[in-house]
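Numbering (the numbering used here), first residue to last: 994 to 1126.
All C-beta atoms, glycine included, are put in the ideal place defined by N, C-alpha and C.
Everything on this sheet refers to the single structure shown next.
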């Protein structure tokens, strides 16, 4: 049986047995970005290196979303996670009921991946989120 092909939903997600996020880090000031940059927004530096982002962190901010585009199940938790290496990641909190009784600032979370969709030929689109430790 042939293996299922998977593609990451964003370029900075590395999938496989041990998935992780990769950021562009400014060589001058160590600011990190997930999108392509010609210059650092913090210091103006123009040299970047790719660096692996910690899979573990804490929930720093969140919003429970009750309205979304058609086809997006609601409610869900939109979150800002500060990873153990200090990188801030925008993501959804998954595997956690979307209510204030279960979602707490400062709660420990870790990176996870999931299949967000499958195309007509069976290729899986893999997304990421964070779930409580």
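To the nearest whole angstrom, what separates the beta carbons of residue i and residue j, a pair I think is in contact under 8 Å?
| i | j | result |
| --- | --- | --- |
| residue 1050 | residue 1074 | 5 Å |
| residue 1044 | residue 1083 | Their Cβ separation, rounded to whole angstroms, is 18 Å, which puts residue 1044 and residue 1083 out of contact at 8 Å. |
Apart from the five residues just before and just after residue i, which ones in its own chain have a Cβ nearer than 7 Å to its Cβ?
| i | result |
| --- | --- |
| residue 1058 | 1067, 1068, 1069, 1071 |
| residue 1091 | 1057, 1068, 1069, 1070 |
| residue 1008 | 999, 1001, 1106, 1119 |
Looking only at its own chain, which residues have a Cβ that is under 8 Å from the Cβ of residue i, when we skip the five neighbours before and after it?
| i | result |
| --- | --- |
| residue 1055 | 1070, 1071, 1072, 1073, 1086, 1096, 1098 |
| residue 1031 | 1039 |
Check for me: the beta strand (DSSP E) holding residue i runs from which residue to which?
| i | result |
| --- | --- |
| residue 1101 | 1101-1111 |
| residue 1062 | That residue, residue 1062, is in no beta strand (DSSP E); it is neither H nor E in DSSP. |
| residue 1098 | Looking at the DSSP string, residue 1098 is not in any beta strand (DSSP E), and its letter there is neither H nor E. |
| residue 1122 | 1117-1125 |
| residue 1081 | 1081-1086 |
| residue 1001 | 999-1001 |
Spatial neighbours of residue i within its chain, please: CB distance less than 6 Å, with the 5 preceding and 5 following residues excluded, ordered by chain position.
| i | result |
| --- | --- |
| residue 1033 | 1019, 1024 |
| residue 1077 | 1047, 1049, 1050 |
Given 6 Å as the limit, tell me if residue i has its C-beta closer than that to any heavy atom belonging to the ligand SAM.
| i | result |
| --- | --- |
| residue 1043 | Questions concerning the ligand SAM fall outside what the structure shown contains, since it holds no ligand whatsoever. |
Quiz item: Touching or not, the stretch 1036-1043 and the stretch 1017-1026, by the rule of three or more beta carbon pairs under 8 Å?
Solution: Yes, they touch.
Quiz item: For the stretch 1007-1040, which segments carrying the beta strand (DSSP E) assignment without a break, of at least 3 residues, lie completely within its bounds, in sequence order?
Solution: Annotation note: the stretch 1007-1040 contains the following uninterrupted beta strand (DSSP E) runs of length 3 or greater, listed N- to C-terminal: 1013-1019.
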